[in-house]
Amino acid sequence: MLKEEVHDKYLDHLLASGHTACPGCGQSLAARLVMRAAGRNVIVVNSTGCLEIFSSKYNESAWEVPWIHSLFENTAAVASGVEAALKATGKLDKVRVIAQGGDGSTFDIGFGAISGMLERGHDILYICYDNEAYMNTGIQRSGSTPYYARTTTSPPGKASLGNLRPKKDLPQIVAAHGIPYVAVASVGYPMDMDRKIRKALSIRGPKYVQIHVPCPLGWGTEPSKTMDYARLAVNTGLYPLYEIENGVTTVQRIPKRVPVEEYMKGQVRFRHLLEGAGRKQEIAEIQTIADRNIEVYDLIST
Amino acid sequence: MLKGRMIQGCRAIAETVTLCRPKVISAYPITPQTLIVEELATIVADGGLDTEFINVEGEHSAASLVLGACATGVRVFTATSSQGLLLMGEVVFNIAGMRLPVVMVNANRSVSAPLNIWTDQQDSMIMRDSGWLQFYAENNQEACDLILQAYRIAEDHRVMLPVMVCVDGFVLPHAFEVVDLPSQQEVDAFLPPYKPIYMLDTDNPLTMGAYAEPDKYMEARYMIQHAMEASIPIVEEVAAEFKRRFGRASGGLFDKYKVDDASTVVIAMGSMAGTIKDIVDELRAKGQKIGELRLITYRPLPKEALYETLKNAQNIVVIEKAISLGASAPIATELRSVFHGRPANPKISGFVIGLGGRDVTVDDLKVAIEKGQQKLTDAEFIGLREDLELEGINA
Chain A
1 MLKEEVHDKY LDHLLASGHT ACPGCGQSLA ARLVMRAAGR NVIVVNSTGC
51 LEIFSSKYNE SAWEVPWIHS LFENTAAVAS GVEAALKATG KLDKVRVIAQ
101 GGDGSTFDIG FGAISGMLER GHDILYICYD NEAYMNTGIQ RSGSTPYYAR
151 TTTSPPGKAS LGNLRPKKDL PQIVAAHGIP YVAVASVGYP MDMDRKIRKA
201 LSIRGPKYVQ IHVPCPLGWG TEPSKTMDYA RLAVNTGLYP LYEIENGVTT
251 VQRIPKRVPV EEYMKGQVRF RHLLEGAGRK QEIAEIQTIA DRNIEVYDLI
301 ST
Chain B
1001 MLKGRMIQGC RAIAETVTLC RPKVISAYPI TPQTLIVEEL ATIVADGGLD
1051 TEFINVEGEH SAASLVLGAC ATGVRVFTAT SSQGLLLMGE VVFNIAGMRL
1101 PVVMVNANRS VSAPLNIWTD QQDSMIMRDS GWLQFYAENN QEACDLILQA
1151 YRIAEDHRVM LPVMVCVDGF VLPHAFEVVD LPSQQEVDAF LPPYKPIYML
1201 DTDNPLTMGA YAEPDKYMEA RYMIQHAMEA SIPIVEEVAA EFKRRFGRAS
1251 GGLFDKYKVD DASTVVIAMG SMAGTIKDIV DELRAKGQKI GELRLITYRP
1301 LPKEALYETL KNAQNIVVIE KAISLGASAP IATELRSVFH GRPANPKISG
1351 FVIGLGGRDV TVDDLKVAIE KGQQKLTDAE FIGLREDLEL EGINA
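Protein chains in written order, with my numbering: chain A, 1 to 302; chain B, 1001 to 1395.
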């Protein structure tokens, strides 16, 4: 596999410290772990977004691997070009290509390019760091924003209870392209995430890994509780972890059903549902989403 | 006798691109460019070019894909027209900002609405501020020669900027003309393999496309402007070398036709310049001191060379296939800025002709030339229909 994988003590610094991510940023932690799993023989193509901004301010790059940023929505296409050039020059055997972006660039504005990249079969690992809104521009609703969440463009008010549409099921849409590997991971479970990144990089062809990354600024959570919220999202069933390898789905089971209110508590984005008497019906609707995930993915061992 | 063979423009362009040995080509159909990538696909399918030929899902990705490949250190090619170029627009600026020597052919076509597939130069005119060099071809021989020169100039380490080779849609790529294509050996001697200054490389990791705060952004933009201006003598230098190697004058800043003693100079770009030369001959025969300057290099605008060449003219008649809506004919506006505040002060008139593929007739061109000698115009439309009510809708 990739050279220096185990013995390189500097792998933790391929995304080096000193960048300007917020305290408790789930994305920066996940990205560092992704790079540790990927090693040095990668070229990274990054969408515009928090990760790009906090890591690449000229002339203070945090990247110790070759890294390119072009625009918000074209990352999959730029990565396709990088891959094509590596193929044309006989380097693709030794070098892996990682394309990465947030949920805004992945679920929304860049999805056409991602679909094209997947359909054409490029040998690229696409990673979506999913923090469930446009955080870099200041917490606006994306296609990944969960039901009833508050964002600055889906504010609750007298006539609204926040984001009135459920989260887009992007991993299944990606899987419908028939690509060899799709995985959903969480920064709350770094060992599972590490395994999925390594597995993805061992497979040739297009791969997609979506990583749930809490955003203290956007969610209104304590920076010290990023890992806790990431785990609660998984253990409520709201963010099921699974892999689809050549069409076969394997799930990472959860020990027992945690009520969704446990996850929503302490998040400003859901506060309007919990204040006062609480919005029982809307909470029940969110619970229904979690219950359906638990049933569909058979998340609880029996 | 003409040297070369009778060949369709799109095929000649595709064969020229093949001679340049691009390692990655992105393709997306749009009329009237489509024939070019079709011909390239055929060449690749027949084993005539060792390249990654990639059919993308839209022009935004066509441009993005060659951006990524060029950043990885290989020579690239793509082509587009009209709406495709506009959809690319964001990436077009990005490629120049990242100093990537991408070469693209734009088969010039009008911009919607109304939807219209025929030729004018509005599409590439919109991209004049993007940081790409822009060359405009008169015929298919020149289109091919300009592609060869485009790679040389773009990849010159003193330049490192993308180049757009503009050909009038249908008029060039669909037309059969005699074109003399050089041999692979000749092209290899003229155009060595691309040597990037910077590239994505795991042995030498670097960050490309970093973001710049207000304390650095302006310097990056200044450096593009500086490289643009510095490329003017390089365009001339490459054209001179081309002439030496291939035995014909082609490319360069502009083409002069009977300009030196002319009191009236007509300025045009692209395929209509040939028709204007015939008119120049006709009017010269009647005793008029008239000539034509055909602009080949529109970006960078060769301001000093234009001033020196045109300073003895009394009337400059700019005939354009584009309009800056709400303002003026764009080239006329820029030429006025070349002369402003200087000793020579010719009358510079702008005319708009042939939009959306409207025939550019000898009669219409003569009308523009005559009017331009008589009065000052900003953007007078020539050849408008007189049987339609044109001003009532907002009146």
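Note that beta-carbon positions come from the ideal geometry of N, C-alpha and C, so glycine has one too.
Just so you know, these numbers come straight off a predicted model, no measurement behind them.
Residue from the options with nearest C-alpha to residue i
| i | options | result |
| --- | --- | --- |
| Gly1350 of chain B | B:Glu1370, B:Val1362, B:Gln1033, B:Asp1363 | B:Glu1370 |
| Ile1279 of chain B | B:Tyr1298, B:Ala1368, B:Ile1353 | B:Ala1368 |
| Ile1043 of chain B | B:Glu1015, B:Leu1206, B:Leu1035 | B:Glu1015 |
| Glu1219 of chain B | B:Gly1097, B:Asp1261, B:Leu1086, B:Ile1234 | B:Gly1097 |
| Pro1049 of chain B | B:Gln1033, B:Ala1062, B:Lys1023, B:Leu1306 | One point to set straight first is that residue 1049 of chain B is Leu, not Pro, in the sequence displayed. Among B:Gln1033, B:Ala1062, B:Lys1023, B:Leu1306, the Cα nearest to that of Leu1049 of chain B belongs to B:Lys1023. |
| Met170 of chain A | A:Arg96, A:Val248, A:Tyr242 | It should be noted that the sequence gives Leu, not Met, for residue 170 of chain A. For the residues A:Arg96, A:Val248, A:Tyr242, the minimum Cα distance to Leu170 of chain A belongs to A:Tyr242. |
| Ser1271 of chain B | B:Asn1116, B:Gln1141, B:His1060 | B:Gln1141 |
| Leu71 of chain A | A:Leu86, A:Lys87, A:Gly101 | A:Gly101 |
| Gly110 of chain A | B:Ser1061, B:Gly1354, B:Phe1053 | B:Ser1061 |
| Trp1118 of chain B | B:Leu1100, B:Ser1081, B:Asp1145, B:Arg1099 | B:Ser1081 |
| Met1088 of chain B | B:Thr1072, B:Leu1065, B:Ile1290 | B:Leu1065 |
| Tyr1198 of chain B | B:Gly1209, B:Asp1387, B:Phe1190, B:Pro1192 | B:Gly1209 |
| Asp130 of chain A | A:Ser80, A:Gly188, A:Lys280, A:Ala77 | A:Gly188 |
| Phe1170 of chain B | B:Gly1383, B:Gly1356, B:Glu1389, B:Asp1145 | B:Gly1356 |
| Thr1264 of chain B | B:Ile1331, B:Lys1311, B:Val1102 | B:Lys1311 |
| Leu960 of chain B | B:Glu1308, B:Glu1138, B:Glu1155 | Because chain B is modelled from 1001 through 1395, residue 960 of chain B falls outside the range shown and cannot be assessed. |
| Asp1129 of chain B | B:Pro1214, B:Asp1188, B:Glu1334, B:Pro1114 | B:Glu1334 |
| Met264 of chain A | A:Pro23, A:Val248, A:Ala284 | A:Ala284 |
Close Cβ partners of residue i (< 8 Å) along its chain, the five nearest in sequence each way excluded
| i | result |
| --- | --- |
| Ala1395 of chain B | In this predicted model, Ala1395 of chain B has a pLDDT of only 47, less than 50, meaning its place in the structure is not dependable; the value taken from the coordinates is given anyway. Hits under 8 Å: none found. |
| Met1228 of chain B | Gly1131, Leu1133, Leu1161, Arg1299, Pro1300 |
| Ser17 of chain A | Ala62 |
| Leu1085 of chain B | Glu1059, Val1092, Asn1106, Asp1123, Ser1124, Ile1126, Met1127 |
| Tyr10 of chain A | Glu64 |
| Thr1309 of chain B | Phe1254, Lys1256, Val1259, Leu1293 |
Cβ neighbours of residue i in the same chain (closer than 6 Å, five flanking residues each side left out)
| i | result |
| --- | --- |
| Tyr229 of chain A | Pro214, Thr221 |
| Val1238 of chain B | Gln1149, Arg1152, Ile1153 |
| Gln1008 of chain B | Phe1176 |
| Tyr181 of chain A | Ala200, Ile203, Lys207, Glu245 |
| Ile68 of chain A | Val45 |
| Glu1039 of chain B | Cys1010, Arg1011, Ala1014 |
| Phe1190 of chain B | Arg1245 |
| Val174 of chain A | Val182, Tyr208 |
| Pro223 of chain A | Pro23, Gly24, Pro216 |
Cβ separation of residue i and residue j, assumed to be a contact under 8 Å, to the nearest whole Å
| i | j | result |
| --- | --- | --- |
| Pro259 of chain A | Thr236 of chain A | 7 Å |
| Gly218 of chain A | Ala133 of chain A | 5 Å |
| Ala1313 of chain B | Pro1346 of chain B | 5 Å |
| Met35 of chain A | Leu14 of chain A | 4 Å |
| Asn41 of chain A | Thr1202 of chain B | 5 Å |
| Gly1372 of chain B | Ile1353 of chain B | The Cβ separation is near 12 Å, so there is no contact. |
| Cys1020 of chain B | Val1187 of chain B | 7 Å |
Proximal chain A residues relative to residue i, where beta-carbon distance stays under 8 Å
| i | result |
| --- | --- |
| Leu1431 of chain B | Lying outside 1001 to 1395, the shown extent of chain B, residue 1431 of chain B is not represented and no answer is given. |
| Tyr1211 of chain B | Glu52, Ile53, Ser56, Lys57, Tyr58, His69 |
| Glu1052 of chain B | Ala84, Ala85, Lys87, Ala88 |
Partner residues on chain B for residue i, Cβ-Cβ distance less than 7 Å
| i | result |
| --- | --- |
| Pro66 of chain A | Leu1200, Asp1201, Thr1202, Pro1205, Leu1206 |
| Asn74 of chain A | His1060, Ser1061, Ser1064, Val1091 |
Contact set between residue i and chain A, taken where Cβ atoms lie within less than 9 Å
| i | result |
| --- | --- |
| Glu1057 of chain B | Ala77, Gly112, Ala113, Ser115, Gly116, Met117, Glu119, Arg120 |
Nonlocal neighbours in the same chain, by C-beta distance under 7 Å from residue i, ignoring five residues either side
| i | result |
| --- | --- |
| Gly112 of chain A | none |
| Met1 of chain A | Note on Met1 of chain A: pLDDT 45, under 50, position unreliable in the model; no value is reported. |
| Ile300 of chain A | Arg253, Ile254, Lys256, Arg257, Ile294 |
| Leu1100 of chain B | Leu1067, Cys1070, Ala1071, Pro1162 |
| Pro190 of chain A | Leu33 |
Cross-chain neighbours of residue i in chain B, by beta carbon under 8 Å
| i | result |
| --- | --- |
| Val95 of chain A | Thr1202 |
Cross-chain neighbours of residue i in chain A, by beta carbon under 7 Å
| i | result |
| --- | --- |
| Asn1108 of chain B | Near Asn1108 of chain B there are no residues of chain A at all, since even the closest Cβ is about 24 Å away, more than 7 Å. |
| Glu1090 of chain B | Leu71 |
| Asn1094 of chain B | Ser70, Leu71 |
| Lys1216 of chain B | Tyr58 |
beta-carbon residue i near the ligand HEM non-hydrogen atom, thresh 7 Å
| i | result |
| --- | --- |
| Val1352 of chain B | Among the ligands in the structure shown, none appear at all, so the ligand HEM cannot be discussed. |
Test: residue i CB closer than 8 Å to a CB of chain E
| i | result |
| --- | --- |
| Val1179 of chain B | Going by chain labels, chain E is absent from the structure shown, which instead holds the protein chains A and B. |
Contact set between residue i and chain B, taken where Cβ atoms lie within less than 9 Å
| i | result |
| --- | --- |
| Ser61 of chain A | Leu1206, Thr1207, Ala1210 |
**OP:** Taking only beta carbons into account, state which residues of the region 1306-1327 of chain B come closer than 8 Å to chain A, listed in chain order.
**Re:** Of all residues in the region 1306-1327 of chain B, none places a beta-carbon less than 8 Å from a beta-carbon of chain A.
Original post:
When Cβ atoms are compared, which residues of the region 120-138 of chain A fall closer than 8 Å to chain B?
Top reply: So the close ones are Arg120.
Original post:
What residues from the region 29-41 of chain A come within 7 Å of chain B, judged by C-beta to C-beta, listed N to C?
Top reply: Those residues of the region 29-41 of chain A that come within reach of chain B (Cβ to Cβ, closer than 7 Å) are Arg40, Asn41.
Original post:
Taking a cut of 9 Å between CB atoms, which residues from the region 1061-1087 of chain B lie near chain A?
Top reply: Within the region 1061-1087 of chain B, the qualifying residues are Ser1061, Ala1062, Ala1063, Ser1064, Leu1065, Val1066, Leu1067, Gly1068, Ala1069, Cys1070, Ala1071, Thr1072, Gly1073, Val1074, Val1076.
Original post:
Using a beta-carbon distance cut-off of less than 9 Å, what residues from the region 187-215 of chain A approach chain B?
Top reply: Nothing from the region 187-215 of chain A brings a Cβ to less than 9 Å from some Cβ of chain B.
**OP:** Determine which residues of the region 1017-1048 of chain B have a Cβ less than 8 Å from any Cβ of chain A, and write them out in chain order.
**Re:** Hits within the stretch, in order: Lys1023, Val1024, Ser1026.
Original post:
Just by C-beta distance, which residues in the region 223-237 of chain A are closer than 8 Å to chain B?
Top reply: Per Cβ criterion, the list is empty.
Subject >> Members of the region 255-266 of chain A near chain B, C-beta cut-off 7 Å >> reply: Cβ contacts with chain B: none found.
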